[in-house]
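Chemist: Quick mapping for you: the protein sequence lines, in order, are chains A and B.
For the first sequence, the working numbering begins at 1 and goes up steadily by one.
For the second sequence, the working numbering begins at 117 and goes up steadily by one.
Each residue gets a CB set at the ideal place from its N, CA and C atoms; glycine is no exception.
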Amino acid sequence: GAVVSQHPSWVICKSGTSVKIECRSLDFQATTMFWYRQFPKQSLMLMATSNEGSKATYEQGVEKDKFLINHASLTLSTLTVTSAHPEDSSFYICSAAERGATYEQYFGPGTRLTVT
Amino acid sequence: GEDVEQSLFLSVREGDSSVINCTYTDSSSTYLYWYKQEPGAGLQLLTYIFSNMDMKQDQRLTVLLNKKDKHLSLRIADTQTGDSAIYFCAEMVRGGYNKLIFGAGTRLAVHP
Chain A
1 GAVVSQHPSW
11 VICKSGTSVK
21 IECRSLDFQA
31 TTMFWYRQFP
41 KQSLMLMATS
51 NEGSKATYEQ
61 GVEKDKFLIN
71 HASLTLSTLT
81 VTSAHPEDSS
91 FYICSAAERG
101 ATYEQYFGPG
111 TRLTVT
Chain B
117 GEDVEQSLFL
127 SVREGDSSVI
137 NCTYTDSSST
147 YLYWYKQEPG
157 AGLQLLTYIF
167 SNMDMKQDQR
177 LTVLLNKKDK
187 HLSLRIADTQ
197 TGDSAIYFCA
207 EMVRGGYNKL
217 IFGAGTRLAV
227 HP
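1) Report the neighbours of residue 215 of chain B on chain A: residues whose CB is nearer than 7 Å to its CB, in chain order.
2) Do the CB positions of residue 94 of chain A and residue 4 of chain A come within less than 9 Å of each other?
3) Any idea if residue 210 of chain B is buried or exposed, counting beta-carbon neighbours within 10 angstroms, 16 or more meaning buried?
4) Please list the partners that residue 221 of chain B has in chain A, where partner means a Cβ-to-Cβ separation under 7 Å.
5) In terms of alpha-carbon separation, which member of B:182, B:198 and B:216 lies closest to residue 137 of chain B?
6) Where DSSP assigns a beta bridge to residue 47 of chain A, which residues make up the other side?
7) Specify, as a first and last residue, the run of the beta strand (DSSP E) that residue 152 of chain B falls within.
8) Keeping to the same chain, check which residues put their C-beta closer than 6 Å to that of residue 178 of chain B; ignore five residues upstream and five downstream.
9) What would DSSP say about residue 174 of chain B, mapped onto helix, strand or coil?
10) Quick check on this structure: which residue in A:32, A:38, A:87 and A:63 has the alpha carbon closest to the alpha carbon of residue 54 of chain A?
11) Between the Cα of residue 128 of chain B and those of B:215, B:206, B:202 and B:196, spot the shortest distance and give me the residue it belongs to.
12) Using the Cα positions of residue 50 of chain A and residue 78 of chain A, report the straight-line distance between them to the nearest angstrom.
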């Protein structure tokens, strides 16, 4: 149980285009989803937290107009990187938690984004 | 502020025990976690401990928490080559959404 999937697992896009990454909870209802970014050989940095049906809460320094997060259902959250640039290339990982259980987050396998 | 620190690298012989250490700064941490990440993959939750506990054991894994010193350790007994990975320590800090703060990760290399 508690499986989280991400799609795509990797994507290459041209500078200036937008890319959408999906995060799905497969066997539970995720009222809260988290989006992280991981640079090579570094730790995970929380970008934003989203609750189903609400606007996302972004961490300091994360541009909300560049990283659009939508959490429209209890099993799906999307992260859209708008007008991507090479410096946005990174590994993006989502995690999901059930209502009242944010102490137990389940992580997706990650999406590697390369912007050329 | 919120900060989690770990040593970056640990090398052990197969069959020995591995001990990975972590220190954190936020005294209001509620839960502390150990995650495992294999190359190119997401994070696998190994175990977690509530802040009012001082030890938790789960098969080959033993977590020790010294709340006074804000020190957390993960002991892996009988380390195998399949245990080679990066291990992240994380603390959950109180807040609107109980966010996780991760350490930089400890790369564990297991050699024959």
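Modeler: Here's the rundown:
1) Stepping through the second sequence from its first residue, residue 215 of chain B is reached at position 99. Identification of chain A residues near residue 215 of chain B by a Cβ-Cβ cut-off of 7 Å yields 46 and 49, ordered along the chain.
2) Position 94 of the first sequence, counting from 1, holds the residue named residue 94 of chain A. Position 4 of the first sequence, counting from 1, holds the residue named residue 4 of chain A. Yes, these two residues count as a Cβ contact at 9 Å.
3) Position 94 of the second sequence, counted from the first residue, corresponds to residue 210 of chain B. The C-beta of residue 210 of chain B has fewer than 16 other C-beta atoms within 10 Å across all chains shown, which makes the residue exposed.
4) By one-based count along the second sequence, residue 221 of chain B stands at place 105. Neighbours of residue 221 of chain B on chain A, chain order: 43.
5) Translated into positions along the second sequence, residue 137 of chain B becomes position 21. Put simply, of B:182, B:198 and B:216 the residue whose alpha carbon is nearest the alpha carbon of residue 137 of chain B is B:182.
6) Residue mapping note: residue 47 of chain A aligns to position 47 of the first sequence, counting from 1. Residue 47 of chain A is not bridged to any residue.
7) Taking the second sequence and counting its residues from 1, one reaches residue 152 of chain B at position 36. Taken as a continuous stretch (DSSP letters only), the beta strand (DSSP E) holding residue 152 of chain B covers 147 to 153.
8) Locating residue 178 of chain B in the second sequence gives position 62, where the first residue counts as 1. 191.
9) Taking the first residue of the second sequence as 1, we reach residue 174 of chain B at position 58. Three-state DSSP puts residue 174 of chain B in a strand.
10) Reading the first sequence from its first residue, position 54 is the one you call residue 54 of chain A. Residue A:32 is the option with its Cα nearest to residue 54 of chain A.
11) Stepping through the second sequence from its first residue, residue 128 of chain B is reached at position 12. It is B:196 whose Cα lies nearest to the Cα of residue 128 of chain B.
12) Position 50 of the first sequence, counting from 1, holds the residue named residue 50 of chain A. Position 78 of the first sequence, counting from 1, holds the residue named residue 78 of chain A. Straight-line spacing of the CA atoms in residue 50 of chain A and residue 78 of chain A works out to 10 Å.
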